Amino acid sequence: MTTSSSGETYDFVVVANRLPVDSVSQPDGSSGWRMSPGGLVAALEPLMKASDGAWVGWPGAPDVELDPFEHEGIRMVPIALNGEEIENYYEGFSNDTLWPLYHDVIAQPGYHREWWEAYVAVNRRFAEAAARISDTGATVWVHDYQLQLVPGMLRETRPDLTIGFFNHIPFPAYGIFSQLPWRRQIISGLLGADIIGFQRVADAGNFSRAVRRLFGYETKGTRVWVPVGDSSDETTGDRSSVRGAPVRRVIARAFPISIDATSYVELAGQPEVQARARQIREELGNPKTIMLGVDRLDYTKGIGHRLKAFGELLAEHRVDVEDVTLVQVASPSRERVASYMQLRDEIELTVGRINGDYGSIGHTAINYLHQGYPREEMVALYLAADIMLVTALRDGMNLVAKEYVATRADLGGVLILSEFAGASDDLRQALLINPHDIDGVKDAIIAAIDMPHAERRRRMRALRKRVLENDVVKWSRVFLDELAHASTSHPVSHEHPEERK
Ligand code: F6P
3 MTTSSSGETY
13 DFVVVANRLP
23 VDSVSQPDGS
33 SGWRMSPGGL
43 VAALEPLMKA
53 SDGAWVGWPG
63 APDVELDPFE
73 HEGIRMVPIA
83 LNGEEIENYY
93 EGFSNDTLWP
103 LYHDVIAQPG
113 YHREWWEAYV
123 AVNRRFAEAA
133 ARISDTGATV
143 WVHDYQLQLV
153 PGMLRETRPD
163 LTIGFFNHIP
173 FPAYGIFSQL
183 PWRRQIISGL
193 LGADIIGFQR
203 VADAGNFSRA
213 VRRLFGYETK
223 GTRVWVPVGD
233 SSDETTGDRS
243 SVRGAPVRRV
253 IARAFPISID
263 ATSYVELAGQ
273 PEVQARARQI
283 REELGNPKTI
293 MLGVDRLDYT
303 KGIGHRLKAF
313 GELLAEHRVD
323 VEDVTLVQVA
333 SPSRERVASY
343 MQLRDEIELT
353 VGRINGDYGS
363 IGHTAINYLH
373 QGYPREEMVA
383 LYLAADIMLV
393 TALRDGMNLV
403 AKEYVATRAD
413 LGGVLILSEF
423 AGASDDLRQA
433 LLINPHDIDG
443 VKDAIIAAID
453 MPHAERRRRM
463 RALRKRVLEN
473 DVVKWSRVFL
483 DELAHASTSH
493 PVSHEHPEER
503 K
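Here the sequence shown stands for residues 3 to 503, where the numbers follow our numbering.
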């Protein structure tokens, strides 16, 4: 940490919509902070501690004006948002425009100019905070779709910085992305980074195509050449790079994210967690097969599709409620956004109908839990579950699939995984499904129920190898190594891209 006249500055700055802490009430009535359980925190925590790092983010509630503070060795730099900004920037533009648009328009995105204005203003606040606390030549790593303008804003005011961006959600095909009235500004914002990371190769390809279509910049493989100080007209779309003009090289490529696998392995090995898993099975009446779904209650997760498949299997007597039960954990999310309220009503209606139609005294078809749980309880549920159902209609990665696999050191359990989740690129030994094909999902459930022991073990062994070898620590190391390399490899040049082989 360096102290300048304007305050403390840092060598490594993470910028994300949320701070990695949750506010908790202490027994004495005062409030404090608890580290949030996400994988990103687990990956970055050691790096932040070792490399003099700070984390810029929103504390998660309206009008919380706080000075920077330290928690568990990490410097937190809170960004305050008022109620109107939460409505327009977070619930509006981030989660009712970009979220549905980037998930292939599963729900209709809203395009509202006041949401966009709030998005610009809040991105600027994050960028200004990051610029203020970054040491000369520092590395800044910006995360996710809520903050896509931050790299460009930072590049303008702090060209000395090395800037990385990682998009945790999908990046859509140009035919969809082009709906966005502010598509050029978003691409410009992202191109402020030295490295733009995506979950899947296809996402990076979609991004490069958008760059070519909207700006005409040269791209080759994972490289994009961005003219430096380009002042052509923002509105015409005609911006091809001129031979001999200085260009800056930007890398856009896939860095599939993972989980802190060892912490799941360790928890799964704890006798108390294993005892809790046995207790869960008993409390469910020791059915032959427990199926599990774990999701934020989000329309991208395909929860309705899996309920439909299970309901039909019960109706057709292909499974019996005494033998097979589904536990669906649907943690509350974005509850003030209309499409999420509507989804909750739909899911709860469907659960009620299936339970009413097929349940019996002592046997509930679906155990529906609209709650979030601590990691220990989740691991116990993973251990208790014979089949894990991941039926996302579109998902950047889906870390639940990886958590289930990491947990099953006993090589038990079958993963049913949507091919529309990024995790399916890697986890090829899962039973891969198209969630829109309800008959296919039903057949996969039956195949999982009937799968011979040896096949379960063989598949799970291969899946575990992938997850344990590629954990989130490796993910962040690969990203940051590439970022360090990008910043030292002469990103600004007068060569025309075609001359660079
Ligand atoms: O990965 C998508 C994401 O929006 C993350 O940015 C976020 O941490 C998570 O889902 C939960 O969403 P929210 O912050 O809106 O509760």
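Note that beta-carbon positions come from the ideal geometry of N, C-alpha and C, so glycine has one too. From a predicted model like this one, the values you see are computed outputs, not experimental measurements.
Residues sharing a beta bridge with residue i, DSSP
{"i": "Q330", "result": "G295 and Y370"}
{"i": "L391", "result": "I418"}
{"i": "V226", "result": "T221 and V252"}
{"i": "S136", "result": "Y12"}
{"i": "S53", "result": "Note: S53 sits in no beta bridge, so no partner."}
{"i": "I197", "result": "G166 and I253"}
{"i": "I261", "result": "For I261, which the question treats as bridged, DSSP gives no partner whatsoever."}
{"i": "S180", "result": "According to DSSP, S180 bridges with nothing at all."}
{"i": "V17", "result": "V58 and V144"}
{"i": "A423", "result": "D397"}
{"i": "T4", "result": "T11"}
Residue i: first and last residue of the uninterrupted beta strand (DSSP E) it sits in
{"i": "I171", "result": "Premise fails: I171 is in no beta strand (DSSP E) and is neither H nor E."}
{"i": "L156", "result": "Element bounds for L156: not the beta strand (DSSP E) but the alpha helix (DSSP H), V152 to T159."}
{"i": "V26", "result": "V23 to S27"}
{"i": "L433", "result": "L433 to I435"}
Cβ of residue i within 8 Å of any chain B Cβ
{"i": "V331", "result": "Chain labels in this structure do not include chain B; a single protein chain is all it has."}
Run of the alpha helix (DSSP H) containing residue i, from where it starts to where it stops
{"i": "P39", "result": "Here P39 belongs to no alpha helix (DSSP H), and DSSP marks it neither H nor E."}
{"i": "L192", "result": "R185 to L192"}
{"i": "I349", "result": "A340 to Y360"}
{"i": "I363", "result": "Element bounds for I363: n/a, residue is neither H nor E."}
{"i": "Q276", "result": "P273 to E285"}
{"i": "S478", "result": "V474 to T490"}
{"i": "L383", "result": "R377 to A386"}
{"i": "A317", "result": "I305 to A317"}
Quick check: the region 322-340 against the region 352-368, are at least 3 beta-carbon pairs closer than 8 Å? yes
Flag this pair as touching only if the region 164-178 and the region 219-232 have three or more C-beta atom pairs under 8 Å; answer yes or no. The answer is no - the region 219-232 does not touch the region 164-178, with fewer than three Cβ pairs under 8 Å.
Can you give, in chain order, each stretch of the alpha helix (DSSP H) that sits fully within the region 64-109 and has at least 4 residues? 101-104
Below 8 Å, can you find three or more Cβ-Cβ pairs linking the region 40-54 to the region 99-110? With fewer than three CB-CB distances shorter than 8 Å, the region 40-54 does not count as touching the region 99-110.
For review: beta carbons within less than 5 Å of any heavy atom in ligand 1: D146 and H170
Counting only runs that start and end within the region 440-472, where is the alpha helix (DSSP H) found for 4 or more residues in a row? 440-452 and 455-471
Quick one: any contact between the region 56-63 and the region 258-266, if contact means 3 or more CB pairs under 8 Å? Touching, no, given that fewer than three Cβ pairs across the two stretches are closer than 8 Å.
Three or more C-beta pairs under 8 Å: does that hold for the region 440-455 against the region 372-382? no
Quick test of the definition: if touching needs 3 or more C-beta pairs under 8 Å, does the region 397-417 touch the region 354-361? no
Determine, using beta-carbon pairs with one atom in the region 112-122 and one in the region 133-145, whether at least three such pairs fall under 8 Å. no
Quick check: the region 414-432 against the region 312-324, are there 3 or more CB pairs under 8 Å? no
Check whether the region 331-339 touches the region 404-423, counting contact only when three or more Cβ pairs, one atom from each stretch, lie closer than 8 Å. no
Counting beta carbon pairs with one atom in the region 337-356 and one in the region 280-300, are three or more of them shorter than 8 Å? yes
If contact is defined by three or more beta carbon pairs under 8 Å, each pair taking one atom from either stretch, is the region 411-418 in contact with the region 460-468? yes
Using 8 Å as the Cβ pair cut-off and three pairs as the minimum, do the region 210-225 and the region 247-256 touch? yes
Using 8 Å as the Cβ pair cut-off and three pairs as the minimum, do the region 144-152 and the region 212-221 touch? No: fewer than three Cβ pairs fall under 8 Å.
Three or more beta-carbon pairs under 8 Å between the region 78-92 and the region 42-51, yes or no? The region 78-92 vs the region 42-51: no contact.
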